[in-house]
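Numbering (our numbering), first residue to last: 1 to 109.
Accompanying notes for the structure given below.
Spelled out as structure tokens, the structure:
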């Protein structure tokens, strides 16, 4: 289920078909946009900082995510992190969970 998004910088991400393809992956439970887009400070050409929560994903599953992003329908750079690969004390993980904007949450996850 797509979450309500407040800023144009974040909602711009939802227009790309790669986002719909990521939503379709059953192991993806939640997605966040973080960084300048989440803070609504992004320029038109700012990269897309994306974090994906997929606690049940395998390395093979994660490779599917990377394949989708490699073929993404944008010329913008996409930086993507697998939240579960970050240590609980990692500052990036903390920043994503505190300041990132959730753009997708799977029902019943």
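Quick reminder that beta carbons are idealized off the backbone N, C-alpha and C, glycines included.
Quick caveat, the model's predicted, so the values are computed rather than measured.
Nonlocal neighbours in the same chain, by C-beta distance under 8 Å from residue i, ignoring five residues either side
| i | result |
| --- | --- |
| residue 13 | 19, 33, 37, 48, 50 and 103 |
| residue 62 | 54 and 82 |
| residue 99 | 34, 38 and 39 |
Span of the alpha helix (DSSP H), counted from its first residue to its last, around residue i
| i | result |
| --- | --- |
| residue 50 | Note, residue 50: premise wrong, no alpha helix (DSSP H); beta strand (DSSP E) at 48 to 53. |
| residue 97 | 91 to 99 |
| residue 41 | Per DSSP, residue 41 belongs to no alpha helix (DSSP H) and is neither H nor E. |
| residue 17 | 17 to 23 |
| residue 61 | 59 to 70 |
Residue i - containing beta strand (DSSP E), residue span
| i | result |
| --- | --- |
| residue 79 | 78 to 82 |
Three-state secondary structure (DSSP) of residue i
| i | result |
| --- | --- |
| residue 12 | helix |
| residue 107 | coil |
| residue 33 | strand |
Burial state of residue i (16 or more Cβ within 10 Å)
| i | result |
| --- | --- |
| residue 101 | buried |
| residue 29 | buried |
| residue 42 | buried |
Chain-order list of residues whose beta-carbon lies under 7 Å from that of residue i (same chain, five-residue window excluded)
| i | result |
| --- | --- |
| residue 23 | 104 |
| residue 8 | none |
Contacting residues, own chain, Cβ-Cβ under 6 Å from residue i (five flanking each side not counted)
| i | result |
| --- | --- |
| residue 58 | none |
| residue 77 | 47 |
| residue 31 | 52, 103 and 104 |
| residue 21 | 68 |
* Asked: Would you say the stretch 59 to 74 touches the stretch 89 to 97, given that touching needs at least three Cβ pairs under 8 Å?
  -> no
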